[in-house]
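Remarks on the structure that follows.
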Ligand code: SF4
Ligand code: SF4
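In the numbering used here, the protein residues as written are 1 to 357.
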């Protein structure tokens, strides 16, 4: 008889329960309520009255092993040996005893970590991988995050926003990241430059042609070699052809810019999802500190802080005051480039109550 089939090798994400704090495991599904005793600290109370305190600190998403070890050592010594990373790269420690909260905060602060990011603060920017880890970025999302959070440190460790603020970045124009209250996204402004010598050796031409959302790429013979050509009038500079064909170089020190989008939010119990809108484009992609993009984000946050009512998220606030007032208050110029003039945009424009074609 043939051997039984080999069982599959499970190489996906391991079961998270085994790593959870014992009290989280014990009371899973049985939490009664939670409170926010102070910035960076959450208190969850189970139905049987057992409290669990969580202390949150910001980290960069891409951590070196020494920092990670240091964070784990803090968890071993000052918490119960369990840590948890949030999707926005904050680290969380859980302790059952309230008297252990302050020593933990003191130790994190002493080691240079910032405690905060809860409730109505600006929490860590969720960010994509950037130059360090991905093959197609046009900027370094981690660097943008570091530069911005350095300037928003008080907004992270205090509760001085009308409601929580989620910032996001993306480092290419097509893939992950880039949907939040404020999103800082890459924006290419020129069609790709093709290195014809390499296309024939590196790219599978049909799949590159198929990648283009506006059918702007055609196979072509260049100097007797099979290559590709781009109809630049059709090209929307999205960069989707670059991942399957690196010789379609779209990243450019001068023409790859940043754009800022505002007002994205998931649906919740009270509202539908909202889509972000472009508010600033053509911002220099200016490492190592990205001062122009940071200044715009700070300005938007300042106006939001002054003008929004308590508990209004950015999208609620803009919805109430209207986009024209948003541009007036933030002093961002509204130009014709804010209007989506791609020919496929007719559908999305027709979804607006104000502009119809
Ligand atoms: S946003 Fe784009 S470049 Fe950045 S990590 Fe994701 S796929 Fe890579
Ligand atoms: S950048 Fe986008 S639109 Fe332009 S050719 Fe490449 S895939 Fe097509």
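The beta-carbon is built from N, C-alpha and C at its ideal position, and this holds for glycine as well.
_Looking at ligand 2, does it come within less than 6 angstroms of residue 199, judged from the CB to the closest heavy atom?_
Your numbering for residue 199 matches position 199 in the chain shown. No; taking the cut-off as 6 angstroms, the Cβ of residue 199 has no heavy atom of ligand 2 nearer than that.
*Do you know offhand how far residue 211's Cα is from residue 193's?*
Within the chain shown, residue 211 is the residue found at index 211, counting from 1. Within the chain shown, residue 193 is the residue found at index 193, counting from 1. Roughly 16 angstroms between the two C-alpha positions.
*Taking residue 281 as the reference, give the member of 328, 107 and 184 with the closest Cα.*
Translated into the one-based positions of the chain shown, residue 281 becomes position 281. Cα-wise, what sits closest to residue 281 is 184.
_Spatial distance of residue 37 from residue 101 (CA atoms)_ = Locating residue 37 in the chain shown gives position 37, counting from the first residue. Locating residue 101 in the chain shown gives position 101, counting from the first residue. One C-alpha to the other measures close to 11 angstroms.
_Within 7 angstroms, strictly: CB atoms of residue 128 and residue 99_ = Residue mapping note: residue 128 aligns to position 128 of the chain shown, counting from 1. Residue mapping note: residue 99 aligns to position 99 of the chain shown, counting from 1. It is not a contact, given that the beta carbons lie outside the stated cut-off.
*Looking only at DSSP bridge pairs, what is residue 51 linked to?*
Locating residue 51 in the chain shown gives position 51, where the first residue counts as 1. Per DSSP, 45.
_Environment of residue 359 [buried if 16+ CB atoms lie within 10 Å]_ = In the structure displayed, the chain extends from 1 to 357; residue 359 sits before or after that span and is not available.
_Could you tell me the alpha carbon to alpha carbon distance between residue 330 and residue 315, rounded to whole angstroms?_
Residue numbering aside, residue 330 sits at position 330 when the chain shown is read from its first letter. Residue numbering aside, residue 315 sits at position 315 when the chain shown is read from its first letter. If I take the Cα positions, the gap works out to 15 angstroms.
*Could you tell me how far apart the beta carbons of residue 163 and residue 195 are, in whole angstroms, since I believe they sit closer than 8 angstroms?*
Reading the chain shown from its first residue, position 163 is the one you call residue 163. Reading the chain shown from its first residue, position 195 is the one you call residue 195. Between residue 195 and residue 163 the Cβ distance is about 48 angstroms, and since that is not below 8 angstroms, they are no contact.
_Runs of 3 residues minimum, wholly inside the region 41 to 123: which ones carry the beta strand (DSSP E) assignment?_
41 to 46, 51 to 58, 83 to 85 and 90 to 95
_Can you determine whether any heavy atom of ligand 2 sits closer than 6 angstroms to the C-beta of residue 143, and answer yes or no?_
For the purposes of this step, residue 143 is taken as the residue at position 143 of the chain shown. No, Cβ of residue 143 sits at least 6 angstroms from all heavy atoms of ligand 2.
_Under 6 angstroms: does the beta carbon of residue 358 sit that close to some heavy atom of ligand 1?_
Only positions 1 to 357 of the chain appear in this structure, which leaves residue 358 out of reach.
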